[in-house]
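First the structure, in the form of structure tokens, and then the observations on it.
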Amino acid sequence: MSNKVFANALEISCKAASGKTMCAFPDVCFTPPQTPATPPGVPLPYPNTGFSSDTTDGSTTVKISGQQVMLKNKSYFKTSSGDEAGCAPKKGLVTSTNKGKIYFSRWSMDVMVEGENVVRHLDITTHNHRSYPGNESIPWPHLESMAPGAAKAACEKEVNREKAACKDFKKQGTKNVCASAGMNIGIKKQRARGANWNKMSLDAIKGKEAADKCLRARKCRLVPYNAQKDGVKGCCPSQTPDHVIPKSSFYEASVSKGKKLPGWKKYKMSAAPCMCAEGPSNTEGSHGLRHASHKFMGRKVGAGTTQSFAKEMNLCLKSVQKVFKSSNCSNKCLKAQLNEGHKDMCSKDLKDAEVKHSPSGSDAASEAALNPLKALGTKRSR
38 MSNKVFANAL EISCKAASGK TMCAFPDVCF TPPQTPATPP GVPLPYPNTG
88 FSSDTTDGST TVKISGQQVM LKNKSYFKTS SGDEAGCAPK KGLVTSTNKG
138 KIYFSRWSMD VMVEGENVVR HLDITTHNHR SYPGNESIPW PHLESMAPGA
188 AKAACEKEVN REKAACKDFK KQGTKNVCAS AGMNIGIKKQ RARGANWNKM
238 SLDAIKGKEA ADKCLRARKC RLVPYNAQKD GVKGCCPSQT PDHVIPKSSF
288 YEASVSKGKK LPGWKKYKMS AAPCMCAEGP SNTEGSHGLR HASHKFMGRK
338 VGAGTTQSFA KEMNLCLKSV QKVFKSSNCS NKCLKAQLNE GHKDMCSKDL
388 KDAEVKHSPS GSDAASEAAL NPLKALGTKR SR
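The letter at position 76 of the sequence shown is residue 113 when you use this note's numbering, and the numbering goes up by one with no holes.
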């Protein structure tokens, strides 16, 4: 029987699971040597780790894979590790112990087993308990896994196409798709070499890059802005992650001023969904052309106008489809990824959320955006 049982799309913690809470810090314990200057030992902070396999006092009638389930306030992990060296007689600064229990301090609000709330992936813990509070009392997340989201189902065709197109490249094969496409050189080095971003973008749009099928297929898989630039988890070094919905759409005035729109306090540009584009900025290469196209298509909306998240998303996707037509990404797939990537950043349901129309890019480029191939072929970047 699978351990993959979820509550609120988060895996439930149970004794049969492989979850862990890693490096909770600081767990301050007194540590030898004991000297006249430090008679109880030296207080040192340790990182503490615990495992769901140490579940104790869990459910008795409802089980997952035949094992007990973690329950609110009743269950705990019987031991933690990492502070063993803090073994002077006093041990923990607060609880006077080491290798103590781990308790959860957050759980599902509406999923219960035997009348108690279950604990899940990303619920928080405190470590090294013998009493309350724990010796390590800064909340630390427990890691299990997420349920497959709506994006996975919506992108089935795109996922299968990527698997077929990238079968010879990592992570399935051995080749480096960025190197094969000549896109393994970082932005700064490309600038130093006088890179023609328009030529690079034109090749990408026409599908003429060395690893054309794989890179085009991977454009359909949106990645966080801060993803590793390896061509697998994130973009290639010669590409930049382009926020499909501009990051400035979530701020009242500008990103630099820092005040976010109502409902978007949890918005993080580093984690927001991006498409891998060619060019170092939103004014150059296919990255720049995508923004120019967005600006052109939204010319009747007006910069700074607040509209629904759904309307702005649809407007942004029109520019994606115009500029990256050869990638053949369905709106269904891209919408599912954008919804999933933003839903936890908003305090409202996304259908009730509003964002700002925030176009960028050059006016001249936006006028040419209705014909991106012509624009790229006739105008060199600065």
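Virtual Cβ for every residue (Gly too), placed ideally from N, Cα, C.
Remember, predicted model here, so these are calculated numbers, not experimental data.
- Judged by their CB atoms, valine 65 and leucine 81 are nearer to each other than the 8 angstroms cut-off.
- Residue environment: leucine 108 is assigned as buried (16 or more neighbouring CB atoms within 10 Å of its CB, all protein chains considered).
- Each residue's CA atom was taken as its position, placing glutamate 377 and methionine 350 some 13 angstroms apart.
- Residues of the same chain with a CB within less than 8 angstroms of the CB of lysine 57, apart from the 5 flanking positions on each side, are Thr86, Gly87, Phe88, Ser89, His179, Leu180 in chain order.
- In the three-state reduction of the DSSP assignment, leucine 180 falls in the strand class, which pools E and B.
- Nearest neighbour of glycine 129 by Cα position, chosen from Lys348, Thr68, Gly268, Thr320, turns out to be Thr68.
- Nearest C-alpha to threonine 92 among Ala201, Tyr169, Ser217, Ser55: Ser55.
- Setting aside the 5 residues that flank it on each side, lysine 200 is surrounded in the same chain by Gln209, each with a C-beta closer than 8 angstroms to its C-beta; the list follows chain order.
- Sorting Glu173, Asn368, Gln105 by C-alpha distance to the C-alpha of valine 357 places Asn368 at the top.
- The beta-carbon distance between glutamine 374 and alanine 202, rounded to whole angstroms, is 18 angstroms. This is too long to meet the 8 angstroms contact definition.
- Between isoleucine 224 and serine 307, the beta carbon gap of about 17 angstroms keeps them out of contact (Cβ cut-off 8 angstroms).
- Within a 10 Å sphere around the beta-carbon of tyrosine 169 sit fewer than 16 other beta-carbons, which makes this residue exposed.
- Between proline 396 and alanine 340, the C-beta spacing is below 8 angstroms.
- When DSSP reads this structure, arginine 157 sits in a beta bridge with Ile49.
- Taking the CA atoms as reference points, serine 133 sits about 8 angstroms from asparagine 172.
- In the three-state reduction of the DSSP assignment, glycine 129 falls in the strand class, which pools E and B.
- Cβ atoms of proline 176 and serine 142 come within 8 angstroms of each other, at about 6 angstroms.
- In the structure shown, the three-state DSSP call for aspartate 205 is coil.
- By the Cβ neighbour-count rule, aspartate 381 is exposed, with fewer than 16 other Cβ atoms within 10 Å of its own.
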